[in-house]
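Every position in the sequence shown, counted from 1, becomes a number in the numbering used here once 300 is added. Report on the structure given below.
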Amino acid sequence: MLFTPHQFASLHLNNRIAMAPMTRSRTDQPGDIPNDLMATYYGQRASAGLIITEGAPISAVARGYAMTPGIYTEEQITGWKKVTSAVHQAGGKIFVQLWHVGRRSHHTIAGETPVSASAIKEPDQVFGPLPEGGFGMIETDQPRALSQQEIKTTIADFVQGAKNAMAAGFDGVELHGAHGYLIDQFLRISSNQRTDDYGGSQDNRMRFMLEVTEAVANAIGADKVAIRLSPFVTEGSAQPDPEIIELTIKALAKLAHLQLAYVHFSENISNYTQVPDSFRQQVREVYPHPIMVAGKYTVSSAQQILAQGFADLVAFGQPFITNPDLVYRARNQLPLTPVGDDAHSTFYGGGAAGYTDYATVTSA
Numbered sequence: 301m302l303f304t305p306h307q308f309a310s311l312h313l314n315n316r317i318a319m320a321p322m323t324r325s326r327t328d329q330p331g332d333i334p335n336d337l338m339a340t341y342y343g344q345r346a347s348a349g350l351i352i353t354e355g356a357p358i359s360a361v362a363r364g365y366a367m368t369p370g371i372y373t374e375e376q377i378t379g380w381k382k383v384t385s386a387v388h389q390a391g392g393k394i395f396v397q398l399w400h401v402g403r404r405s406h407h408t409i410a411g412e413t414p415v416s417a418s419a420i421k422e423p424d425q426v427f428g429p430l431p432e433g434g435f436g437m438i439e440t441d442q443p444r445a446l447s448q449q450e451i452k453t454t455i456a457d458f459v460q461g462a463k464n465a466m467a468a469g470f471d472g473v474e475l476h477g478a479h480g481y482l483i484d485q486f487l488r489i490s491s492n493q494r495t496d497d498y499g500g501s502q503d504n505r506m507r508f509m510l511e512v513t514e515a516v517a518n519a520i521g522a523d524k525v526a527i528r529l530s531p532f533v534t535e536g537s538a539q540p541d542p543e544i545i546e547l548t549i550k551a552l553a554k555l556a557h558l559q560l561a562y563v564h565f566s567e568n569i570s571n572y573t574q575v576p577d578s579f580r581q582q583v584r585e586v587y588p589h590p591i592m593v594a595g596k597y598t599v600s601s602a603q604q605i606l607a608q609g610f611a612d613l614v615a616f617g618q619p620f621i622t623n624p625d626l627v628y629r630a631r632n633q634l635p636l637t638p639v640g641d642d643a644h645s646t647f648y649g650g651g652a653a654g655y656t657d658y659a660t661v662t663s664a
């Protein structure tokens, strides 16, 4: 099934392999502008049924990692057009991941005090400017809580980001609601201790996520909108949220009527709990639309979860870094170039080395 086409509403994919979103920090500065090098990188990997870009901040304050490509200025839109054109010319499809990191930032990156559901600091580090010059990992700032008016403004920023994505030629957008970023911060008890309509009960904690998703779907069409969630992943030092699984199932039931392009579950990274089949069955019961999964899947385990009916699409992350022709290799049962220590050292920042210079089978 991995190599069969996938069709849902207006989304037509050549296969069920997706390239997962991965931060690479290769933009032009100043301005966090996508460039020719990024166009080459994504174009090389366009044999994936769907590419999901690295997270693209929807505003200046949404930024949490240096040199990540934004989607809120005209210069950024123009830069992204190079990327979408390269992918489409190679026969691929591409969604941009709309990103707001919330508290996982620093004022030297966001340009102001980072924001969150509540003013709760979590020990964390992000890739940013070092005091002595250059870039490296720096401790995040103490965040402040968004006001209700600022929540409305943030939802509008997501909508504008989606409209900008359409102007840039993307086939759709994926909302980053996972991994302890802003949407996820609203969902979880440890990061959301509000006492207004956006905190407290499960319905209140899911309100921001639902309002963002519905607003973006209304703006560009639900068939061009997806959302990424990670209910079995806990970021930082927090204990697993005792309500996040139940909340996620309830939220999916509320999202079902939209018929989104897909819901994307990120699994098996950071501090994670193995996803039980019982959860996957519950998801299918309340959400009978496309599901994507990602998290250390192999070709074999990807085939298995598709055959079980628990997923429709499987995303691969790091293997796509070192194997731009991953789909060809997987289809022909050829070995993958491993992700070694040398690859890890070029994940963030830099130029073509470790980015666009990996050999394909035909060029090796």
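Built from N, CA and C at the ideal position, the CB exists for glycine as well.
Find the nearest neighbour of residue i within the set the options, judged by alpha-carbon distance.
{"i": "Asp441", "options": "Lys452, Thr453, Val426", "result": "Val426"}
{"i": "Gln581", "options": "Leu560, Ile605, Ser566, Ser491", "result": "Ile605"}
{"i": "Thr656", "options": "Arg324, Asn314, Leu302, Phe486", "result": "Arg324"}
{"i": "Ile420", "options": "Ala390, His476, Gln493, Gln389", "result": "Gln493"}
{"i": "Thr413", "options": "Val593, Pro443, Val396", "result": "Pro443"}
{"i": "Ile621", "options": "Ile351, Met592, Tyr481, Ala517", "result": "Ile351"}
{"i": "Gly428", "options": "Ala553, Gly649, Thr660", "result": "Gly649"}
{"i": "Ile483", "options": "Gly391, Gly499, Phe470", "result": "Gly499"}
{"i": "Ser310", "options": "Leu634, Tyr628, Gly617, Pro590", "result": "Pro590"}
{"i": "Ser491", "options": "Ala538, Thr513, Arg528", "result": "Ala538"}
{"i": "Val583", "options": "Arg488, Ala659, Leu547", "result": "Leu547"}
{"i": "Val396", "options": "Gly411, His406, Thr353, Gly402", "result": "Thr353"}
{"i": "Phe308", "options": "Val512, Val575, Pro588", "result": "Pro588"}
{"i": "Leu398", "options": "Ala553, His406, Ala607, Val516", "result": "Val516"}
{"i": "Leu487", "options": "Lys452, Asn518, Glu543, Ala468", "result": "Glu543"}
Suppose the cutoff is 7 Å on Cβ atoms and the five residues either side in sequence are ignored; what does the same chain contact list for residue i look like?
{"i": "Gln329", "result": "Met367"}
{"i": "Ser359", "result": "Tyr372, Asp457"}
{"i": "Ala551", "result": "Met506, Met509, Leu510"}
{"i": "Ala522", "result": "Leu558, Gln559, Leu560"}
{"i": "Ile545", "result": "Pro531, Phe579"}
{"i": "Arg404", "result": "Gly364, Asp424, Val426, Thr440, Gly480, Tyr481"}
{"i": "Ala660", "result": "One detail in the question is off: residue 660 reads as Thr in this sequence, not Ala. So the list reads Pro624, Asp625, once near-sequence residues are dropped."}
Which residues in the same chain as residue i place their Cβ atom closer than 8 Å to its Cβ, once the five residues preceding and following it in sequence are excluded?
{"i": "Leu430", "result": "Gly436, Ile438"}
{"i": "Leu446", "result": "Val415, Ser416, Ala417, Thr454"}
{"i": "Glu667", "result": "The structure shown does not extend to residue 667, since the chain spans only 301 to 664, so no value can be given for it."}
Only counting the same chain, and skipping five residues up and downstream in sequence, which positions put a Cβ closer than 6 Å to that of residue i?
{"i": "Lys524", "result": "Gly472"}
{"i": "Asn464", "result": "Ile371, Ile377"}
{"i": "Pro540", "result": "Thr534"}
{"i": "Ser530", "result": "Ala478, His479, Ser566"}
{"i": "Asn571", "result": "Thr534"}
{"i": "Gly331", "result": "Glu375"}
{"i": "Pro369", "result": "Thr327, Asp332, Pro334, Ala356"}
{"i": "Ile489", "result": "Asp541"}
{"i": "Ala553", "result": "Val586"}
Which value, in whole angstroms, describes the spacing of the CA atoms of residue i and residue j?
{"i": "Tyr562", "j": "Phe508", "result": "19 Å"}
{"i": "Asp642", "j": "Gln448", "result": "46 Å"}
{"i": "Asp336", "j": "Thr327", "result": "9 Å"}
{"i": "Gln485", "j": "Thr662", "result": "45 Å"}
{"i": "Leu558", "j": "Leu475", "result": "14 Å"}
{"i": "Ser577", "j": "Thr637", "result": "Just to set this straight, residue 577 is Asp in the shown sequence, not Ser. So the two alpha carbons sit approximately 31 Å from each other."}
{"i": "His564", "j": "Arg316", "result": "13 Å"}
{"i": "Gln633", "j": "Ile409", "result": "43 Å"}
{"i": "Gln603", "j": "Gly640", "result": "25 Å"}
{"i": "Leu313", "j": "Val459", "result": "25 Å"}
{"i": "Ala615", "j": "Gly391", "result": "18 Å"}
{"i": "Glu450", "j": "Asp503", "result": "20 Å"}
{"i": "Thr275", "j": "Val512", "result": "Residue coverage of the chain in this structure runs from 301 to 664, which leaves residue 275 outside it and unanswerable."}
{"i": "Gln574", "j": "Ser601", "result": "14 Å"}
{"i": "His644", "j": "Ala468", "result": "30 Å"}
{"i": "Pro305", "j": "Glu432", "result": "51 Å"}
{"i": "His388", "j": "Tyr341", "result": "13 Å"}
{"i": "Asp497", "j": "Ser347", "result": "44 Å"}
Do we get a CB-CB distance below 7 Å when we pair residue i with the residues of chain B?
{"i": "Asn632", "result": "Given the protein chain composition of this structure (a single chain), no chain B is represented."}
Please say whether residue j and residue i have beta carbons closer to each other than 7 Å?
{"i": "Ala362", "j": "His400", "result": "yes"}
{"i": "Ala652", "j": "Thr646", "result": "no"}
{"i": "Ile333", "j": "Gly364", "result": "no"}
{"i": "Gly355", "j": "Asp424", "result": "no"}
{"i": "Met466", "j": "Ile394", "result": "no"}
{"i": "Arg248", "j": "Pro619", "result": "Residue 248 lies beyond the stretch modelled for the chain, which goes from 301 to 664, so this question has no answer here."}
{"i": "Leu555", "j": "Ala318", "result": "no"}
{"i": "Gly595", "j": "Asn568", "result": "yes"}
{"i": "Lys382", "j": "Ala320", "result": "no"}
{"i": "Gly343", "j": "Ala386", "result": "yes"}
{"i": "Met322", "j": "Gly617", "result": "yes"}
{"i": "Thr384", "j": "Phe470", "result": "yes"}
{"i": "Ile527", "j": "Val586", "result": "no"}
{"i": "Val627", "j": "Ala611", "result": "no"}
{"i": "Phe303", "j": "Arg629", "result": "no"}
{"i": "Gly402", "j": "Tyr481", "result": "yes"}
Could you name the residues that DSSP lists as bridge partners for residue i?
{"i": "Pro357", "result": "Trp399"}
{"i": "Asn518", "result": "Asn518 is not bridged to any residue."}
{"i": "Val563", "result": "Ile527, Ile591"}
{"i": "His388", "result": "For His388, which the question treats as bridged, DSSP gives no partner whatsoever."}
{"i": "Ala318", "result": "Leu350, Ala615"}
{"i": "Val415", "result": "Arg444"}
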